[in-house]
Ligand code: BJW
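Numbering (our numbering), first residue to last: 43 to 281.
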């Protein structure tokens, strides 16, 4: 399986990597679903929906501020660095991530499409105002904006559309890809999960220690963690 993947990557004119929260697990950040996942102790609809934010913006910001602080303390792991290296070893490489933790950028990846936004900025619900977030996020007494709107995290919540340009670029990269690497995602959240299944011609490889919604439909399954499997791929391609 690994040999076939390596051969495909070497020959590929274009490669897409789709990542999810599992790639940051070995940096100490929790995933969403499964044991220890964020959704086991937090209610999705209260924290990651426009309705939840309208109902209790301080609660939502407290949660994102905690996560922002955790992102600041976390470091990219060997999986993030391996994808940054892979970008230099393969042709036409695009990285589409569902993560908002900025760890791919910190690891040096260049072409990163952040499908669900990021926690580097807040934006106003009422006007075009934006502001950078500090190391511990947004002070709760600065949520209300002068225009009458509220500053919110620059994140895509349930029921919201993905940023159009980012989505189009990711979809285009999926259509062009000869190889699609799906790393650390349960592949249940759409439309991101559709990227793995959009191009019937692409060779799709999943890297995940657990079975996922798409495991039965991919060409190659590497059962292991991102920090184990991705450096092994990069090492084999470099030698
Ligand atoms: C490791 C590892 C290691 C562990 N190494 N791996 C039915 C069909 C299609 C769509 C829908 C539908 N019903 C509803 C929808 C729409 C909805 C959706 O998909 N819902 C599904 C849950 C059913 N989608 C949306 O609403 C999206 N917008 C949209 O569709 O717009 C159009 C629309 C408009 C109006 C109405 C309806 C539609 C937006 C989705 C936004 C998702 N937002 C979140 C939170 C915000 C970001 C944040 O705060 O961080 O994004 S939800 C959460 O899930 C987060 C993640 O990015 C996302 C994906 O989760 P991920 O990363 O896959 O994490 P896990 O925990 O699920 O999986 C971790 C994996 O890692 C596991 O497999 C582990 O095994 C693995 N792992 N350690 C490698 N070391």
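Note that the Cβ used here is the ideal one computed from N, Cα and C, for glycine as well.
8 Å contact criterion, which residue i and residue j should meet: CB distance rounded
i, j, result
"residue 256", "residue 248", "7 Å"
"residue 69", "residue 117", "6 Å"
"residue 267", "residue 228", "The pair is not a contact, with the Cβ atoms about 15 Å apart (cut-off 8 Å)."
Residue i: CB within 7 Å of a non-hydrogen atom of the ligand BJW
i, result
"residue 180", "no"
"residue 162", "no"
"residue 224", "no"
"residue 67", "yes"
"residue 133", "no"
"residue 141", "yes"
"residue 204", "yes"
"residue 158", "yes"
"residue 213", "no"
"residue 54", "no"
"residue 249", "yes"
"residue 228", "yes"
"residue 197", "yes"
"residue 231", "yes"
"residue 268", "yes"
"residue 200", "yes"
Range of the contiguous alpha helix (DSSP H) that encloses residue i
i, result
"residue 214", "206–218"
"residue 225", "Premise fails: residue 225 lies in the beta strand (DSSP E), 221–225, not in any alpha helix (DSSP H)."
"residue 246", "Looking at the DSSP string, residue 246 is not in any alpha helix (DSSP H); the run it does join, the beta strand (DSSP E), is 245–249."
"residue 275", "268–280"
"residue 60", "Note, residue 60: premise wrong, no alpha helix (DSSP H); beta strand (DSSP E) at 57–61."
"residue 82", "80–83"
Boundaries (first-last residue) of the beta strand (DSSP E) holding residue i
i, result
"residue 163", "159–166"
"residue 44", "Segment 44–53 is the alpha helix (DSSP H) holding residue 44; no beta strand (DSSP E) there."
"residue 264", "262–264"
"residue 256", "Taken as a continuous stretch (DSSP letters only), residue 256 belongs to no beta strand (DSSP E), as it is neither H nor E."
"residue 196", "193–197"
"residue 173", "172–174"
Neighbour flag for residue i against chain B, beta carbons, 8 Å
i, result
"residue 224", "Reference to chain B is not applicable here, since this structure consists of a single protein chain."
Mind pulling the alpha helix (DSSP H) runs of 4 or more residues that sit fully within the stretch 87–165? Fully enclosed alpha helix (DSSP H) runs of 4 or longer: 92–97, 99–115, 120–131, 145–149.
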